[in-house]
Structure formats: structure tokens, C-alpha cells
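For any residue, its number in the working numbering is found by taking its place in the sequence shown, counting from 1, and adding 1.
In this text, a Cβ means the ideal position worked out from N, Cα and C, and glycines have one as well.
In what follows, a single structure is set out as C-alpha cells and then discussed.
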Amino acid sequence: MRKLLFVALVLIGHSMARADNVDLAWKLVIQIESNSGTHPRTYETWKGHNDLGIAQITPILVKDVNRILKSEVFTLEMRVNDYLSRLMFEVYCNHYAKGGSVEKLCRLWHRGPSKKRQCDAYGDRYWNRARKEIK
Numbered sequence: 002m003r004k005l006l007f008v009a010l011v012l013i014g015h016s017m018a019r020a021d022n023v024d025l026a027w028k029l030v031i032q033i034e035s036n037s038g039t040h041p042r043t044y045e046t047w048k049g050h051n052d053l054g055i056a057q058i059t060p061i062l063v064k065d066v067n068r069i070l071k072s073e074v075f076t077l078e079m080r081v082n083d084y085l086s087r088l089m090f091e092v093y094c095n096h097y098a099k100g101g102s103v104e105k106l107c108r109l110w111h112r113g114p115s116k117k118r119q120c121d122a123y124g125d126r127y128w129n130r131a132r133k134e135i136k
């Protein structure tokens, strides 16, 4: 409870408005990563990967979000909570791409903050898949 309050205060402090771009990027990410949570392995690790939850969050991302917040707010176990996954998504996107386009947010989530990696073949493939989901 205390950690959730801290996260809420940090988000308010960052003035992270739930802009249309963030909402749409979130919907696209969870659709691609876990079929909006309906994939049978959404909440368990598989294929030798450590990705987990509706947005397939990695341990490295959890560590990075905690570094951004300058506090150990999130744990690896919190990746299975859809609401907390969304909070991690917002903190991460706000830090690396505040006010970014839907494309920028999707590429960021998939390939990380490196601009070179975001625009490589894997980043392009992910964005093309996301564009197909936009209706």
C-alpha cells in the first residue's frame, strides 16, 4: 500500500497525463505482447524468457523503472498485476519519451531507449504489427 501511494505521488509529480497516445500505445502493446491478456502463458514465464504479465515486462525493465523512481517501488512479482504493469509502462514512457507519438512509445517499449535499436528491423517489424492493430 505504501509503495502504491509512492508511485501515485511520483506520477502526479511528473504530471503524467494519460494522453491519448499513451492510452493507445498501451492498448497496442498489450495486444501484441499478450493478446490483451488472453494468451494462456501471459502470467507465467516460458521459452526461457523472463518476460511476464500483460505487457511481458522483463526484470531489466523493473530495475530500470526503480532506478528512474530512485526507490525500490516495484518488485518482479508485480509484473503479473495489470494495473501495476500499466504504472510501470507510464513511468518508463514518461522518462524516455514524454509526449511521444504512439509509434515512438511502441518502439520504446519493444526495443528500449536506444534510438538505433528502435529503428532497426525488429523495431520496424513491431511497429508494423502495431499499426495493423490500430482501428
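The Cβ atoms of Leu106 and Ala26 sit closer than 8 angstroms to each other. Exposed is the label assigned to Glu73, since fewer than 16 other Cβ atoms lie within 10 Å of its Cβ. Here the C-alpha atom of Arg112 lies approximately 14 angstroms from the C-alpha atom of Asp52. Note on geometry: alpha-carbon atoms of Val103 and Asn95 lie some 13 angstroms from one another. The three-state secondary structure of Ile135, taken from DSSP, is coil. In the three-state scheme derived from DSSP, where H, G and I count as helix and E and B as strand, Ile58 is classed as strand. If you ignore the 5 residues before and after Arg108, its C-beta comes within less than 8 angstroms of the C-beta of Gln119, Cys120, Gly124, Tyr127, Trp128, all in its own chain and listed in chain order. At the C-beta level, Tyr93 and Val66 come within 8 angstroms of one another. Judged by their CB atoms, Ala56 and Val23 are not nearer to each other than the 8 angstroms cut-off. Beta-bridge partners assigned by DSSP to Leu53: Ile58.
Pro41 and Glu34 have their C-alpha atoms spaced approximately 12 angstroms apart. Distance check between Trp110 and each of Gly49, Thr43, Val63 places Val63 closest, using alpha-carbon atoms only. Boundaries of the alpha helix (DSSP H) around Arg118: 116-119. A straight-line Cα-Cα distance of about 14 angstroms links Asn82 and Thr59.
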